[in-house]
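Asks: Below is a structure I'd like to ask you about.
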Amino acid sequence: MANNYLSISDILVSNEKVPCRFLHDLPKLGFLDPSCTEEDLKAGTSVEIPLWLAESLSSRRPPLVAVDLPKVYKETYREIFNADACTVDLHKLAQYFFELGCYVAKYDIKGEVATTLVNTFRQRFKMILSASVSTDSINALQPLSSSERDRTASAMASEKALSTWLKRGDSLLTTANMVANHRKRKRAEMEML
Amino acid sequence: MDEEQLDLSGEEEEITADVVLKTIQTSWQNERLSPEILPHRNDMVECMLGQIQHMERNINKLPKTDLRTSIHKMELSRIKYIICNYLKTRLEKIEQNCIIIINDEKQRIESGTNYLTPLEYRYAQEHLLNIEHHLKQTILNQVPGNMQVFEINKMSTVPNLQSHVFLKANETVHGIVLEDHFGDQDEEIDLEEGSQHILQYKFIADLVKNGKVQLI
Amino acid sequence: MFGEKVIELLKESERNRETLDQYNDEKIRQIIEEMHVLFKLNMNDANATTENKSLWTTVQVRHSALERNKRCLLAYLYNRMNKIKILRWEFGSVLPPDIRELLSDAEYDWFSKYSTNLATYMRSLGQDIGYNGIDLTENLRPPKSLNIEVLCLVDYGKLELEDGDVIMLKKNSTHFLPTSECQTLIRQGILKQIT
Chain L
1 MANNYLSISD
11 ILVSNEKVPC
21 RFLHDLPKLG
31 FLDPSCTEED
41 LKAGTSVEIP
51 LWLAESLSSR
61 RPPLVAVDLP
71 KVYKETYREI
81 FNADACTVDL
91 HKLAQYFFEL
101 GCYVAKYDIK
111 GEVATTLVNT
121 FRQRFKMILS
131 ASVSTDSINA
141 LQPLSSSERD
151 RTASAMASEK
161 ALSTWLKRGD
171 SLLTTANMVA
181 NHRKRKRAEM
191 EML
Chain H
1001 MDEEQLDLSG
1011 EEEEITADVV
1021 LKTIQTSWQN
1031 ERLSPEILPH
1041 RNDMVECMLG
1051 QIQHMERNIN
1061 KLPKTDLRTS
1071 IHKMELSRIK
1081 YIICNYLKTR
1091 LEKIEQNCII
1101 IINDEKQRIE
1111 SGTNYLTPLE
1121 YRYAQEHLLN
1131 IEHHLKQTIL
1141 NQVPGNMQVF
1151 EINKMSTVPN
1161 LQSHVFLKAN
1171 ETVHGIVLED
1181 HFGDQDEEID
1191 LEEGSQHILQ
1201 YKFIADLVKN
1211 GKVQLI
Chain W
2001 MFGEKVIELL
2011 KESERNRETL
2021 DQYNDEKIRQ
2031 IIEEMHVLFK
2041 LNMNDANATT
2051 ENKSLWTTVQ
2061 VRHSALERNK
2071 RCLLAYLYNR
2081 MNKIKILRWE
2091 FGSVLPPDIR
2101 ELLSDAEYDW
2111 FSKYSTNLAT
2121 YMRSLGQDIG
2131 YNGIDLTENL
2141 RPPKSLNIEV
2151 LCLVDYGKLE
2161 LEDGDVIMLK
2171 KNSTHFLPTS
2181 ECQTLIRQGI
2191 LKQIT
């Protein structure tokens, strides 16, 4: 994914923790495992580490860790998602469900994670699409993952812009985005003082 | 013979201005809707700028309250908007993908098929230099030795050529291959003149550049 | 040291996607110091790997952490650069002082260079046919009418129009002006279009 190096969103996704089993001893790195009391990390320990570290270590030859699937992508949850993905609170359960899933899917030899991801996306997309016509239905939706929220916000902005344009026939010239937002923030900060 | 020539030259001028405007509008639309930077139409832009000068001179000759003044001024303001937006869109793409664009352009310059005007190319190079300088000064020169490299490959942002676009075929085109990434089911389709489709940009990129299809 | 601090930095900037925050000089310094600590630890352990082979894996882990910190710092700066670019298009080439404060000196330097690069490009547009350049930061919206009614939001002072007329822009005064001459002031939040 050469394109993502500077993407803050990708950096945040790769900060999510995944369970791993260390295949070698790691002297002086005991602090990676919060339950470890020694200075050294022994081979065979299972620890939850950030995705970026897991990917880096598992891609070395020989691999230093074996990556396991986070519980959201395991069988029990997969069944829930395949049954009815729309009732799941993705905000609480897995903010970066889809993005992290893309990374994690390659550690699933059976390919079932990939299928679940596509399936879940389809179900929830339909739900979001039909709800985006009105703000009431949007607010009634089950909480969404981070990227779903972004997409919903932009869908609503487009709807609003379209209906304004249809009503007015054109649009007013407005204060530039950043200028307006800076002013708002300044006002809010001054009110707090 | 002379009379005919006079008549023709009168018509020619009208057709030319109209054609130029249409071409600019098409190029503008394509540029806004395509994920990558397209070959420049500087010849058209300069032609249009010349037209604008001409029109402005004519408007100034008319009395201020003449109805035609308002109409012409609106027309001018529309044309200026299109040109400005066209150039601005190109700058945005240059800024976002400057590493890739500069690399590709180096090769294209050698074969004489450059996409950027010389001014745009200089802008791109200067932009990259500024970014590199800033990052080196602020971060890269302060971090430990082996981390100081400005890794140009990682820093490049590549336009997403796989994004879908709406297009209209200006003429009938045969044999467009739609590759299937995940399987072997490549598809081959034809586009009828006047038909409209949604396709992934990369399959029709060349057709946009040679005018056979138009992004809508 | 393994990227926690730098993530705080990035989360801060993600929280306010529409505006620019104060440049966090302090945190950046700390992160760079952490990187130096990691590097030193690695240098020592790399020398010791001849006695203890398993130290080599530790060195690799720390190296990954160094790369991670570098990536995050670059992303932080790059993301700010993009926002600063927008400042040029929205506020103009002179920044209001409260905005200027948000940038580090190096960033302001970058802003000036970006501004100059843009100005050079715009100035040379149409040069071959006798144009003095085109200001691309004008003409940002499709024009709908030649004149518009505006309300003045602040005490701006005198504005000289193209035809030589001078008008006084006092707070709460309304005016009927040519669109082309108000565009910038509207974008900067000095005038507001009404009707």
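Chains as they are written, first to last, in the working numbering: chain L, 1 to 193; chain H, 1001 to 1216; chain W, 2001 to 2195. Note that CB positions come from ideal geometry on N, CA and C, so glycine has one too.
#1: How close, in whole Å, do the beta carbons of residue 1079/H and residue 1059/H come, if the pair is a contact with beta carbons under 8 Å?
#2: Give me the Cα-Cα distance between residue 22/L and residue 107/L, rounded to the nearest whole angstrom.
#3: Using three-state DSSP, classify residue 1211/H as helix, strand or coil.
#4: Using a Cβ cut-off of 8 Å (strictly closer), state whether residue 3/L contacts chain H.
#5: Quick check on the burial criterion: 16 or more other C-beta atoms within 10 angstroms. Buried or exposed for residue 1028/H?
#6: Below 8 Å on C-beta distance, what does residue 175/L contact in chain W?
#7: Apart from the five residues just before and just after residue 93/L, which ones in its own chain have a Cβ nearer than 8 Å to its Cβ?
#8: Run through DSSP, which three-state label would residue 50/L get?
#9: Helix, strand or coil, according to DSSP, for residue 65/L in the structure here?
#10: Which residue from 144/L, 163/L, 48/L puts its Cα closest to that of residue 98/L?
#11: Please report the distance separating the alpha-carbon of residue 1004/H from that of residue 1073/H.
#12: Can you tell me where the beta strand (DSSP E) with residue 98/L in it begins and where it stops?
#13: Is it the case that the Cβ atoms of residue 2065/W and residue 2055/W are separated by a distance below 8 Å?
#14: Which same chain residues end up closer than 6 Å to residue 70/L when comparing Cβ atoms and leaving out the 5 residues on each side of it in sequence?
#15: Inspect the CB distances between the stretch 2110-2122 of chain W and the stretch 2140-2158 of chain W and report whether three or more fall short of 8 Å.
#16: Residue 1211/H CB to nearest chain W CB: under 8 Å?
#17: Which residues in the same chain as residue 995/H place their Cβ atom closer than 7 Å to its Cβ, once the five residues preceding and following it in sequence are excluded?
#18: By alpha-carbon positions, which one of 112/L, 74/L, 150/L, 116/L ends up nearest to residue 128/L?
#19: Any idea if residue 2150/W is buried or exposed, counting beta-carbon neighbours within 10 angstroms, 16 or more meaning buried?
#20: Have a look at residue 1097/H and residue 2078/W and give me their C-alpha separation to the nearest angstrom.
#21: Closer than 8 Å, Cβ to Cβ, to anything on chain W: give me those residues from the stretch 14-25 of chain L, in chain order.
#22: Do the stretch 1187-1197 of chain H and the stretch 1159-1171 of chain H meet, that is, are 3 or more Cβ pairs less than 8 Å apart?
#23: With a threshold of 8 Å between beta-carbons, can residue 1155/H be considered close to chain L, or not?
#24: To the nearest angstrom, report how far apart residue 61/L and residue 2058/W are at their CA atoms.
Replies: On the basis of the data shown:
#1: Actually they do not touch by this definition, with Cβ atoms about 13 Å apart.
#2: The alpha-carbon atoms of residue 22/L and residue 107/L are separated by roughly 15 Å.
#3: If DSSP states are grouped into helix, strand and coil, residue 1211/H belongs with coil.
#4: Output row for residue 3/L: interface = yes.
#5: Classification of residue 1028/H: buried, given that the 10 Å Cβ count is 16 or more.
#6: Within 8 Å Cβ-Cβ: 2186, 2187, 2188, 2189, 2192.
#7: Once the five neighbours on either side are set aside, the close Cβ partners of residue 93/L are 72.
#8: Three-state DSSP puts residue 50/L in a strand.
#9: In the structure shown, residue 65/L sits in a strand (DSSP, three-state: E or B).
#10: Residue 144/L is the option with its Cα nearest to residue 98/L.
#11: Because residue 1004/H sits at a pLDDT of 40, beneath the cut-off of 50, its placement in the model cannot be relied upon, and the following sentence gives the value as read from the coordinates. If I take the Cα positions, the gap works out to 32 Å.
#12: Run containing residue 98/L: none in the beta strand (DSSP E); it sits in the alpha helix (DSSP H), 97-104.
#13: Inclusion of residue 2065/W and residue 2055/W in the CB contact set at 8 Å is not warranted, their separation being larger than that value.
#14: Excluding residues up to 5 positions away in sequence, 18 lie with their Cβ nearer than 6 Å to the Cβ of residue 70/L in the same chain.
#15: No, they do not touch.
#16: Among the residues facing chain W, residue 1211/H is not included, as its CB has no counterpart in that chain under 8 Å away.
#17: What the structure shows of chain H is the stretch from 1001 to 1216, and residue 995/H is not part of that stretch, so it cannot be assessed.
#18: If we check each option's Cα against that of residue 128/L, 150/L comes out closest.
#19: Under this definition residue 2150/W is a buried residue.
#20: For the pair residue 1097/H and residue 2078/W, the Cα-to-Cα distance works out to about 13 Å.
#21: Only 15, 24, 25 from the stretch 14-25 of chain L bring a Cβ to less than 8 Å from some Cβ of chain W.
#22: Contact between the stretch 1187-1197 of chain H and the stretch 1159-1171 of chain H is present, because at least three Cβ pairs lie under 8 Å.
#23: It does: the Cβ of residue 1155/H has a partner Cβ on chain L nearer than 8 Å.
#24: About 14 Å.
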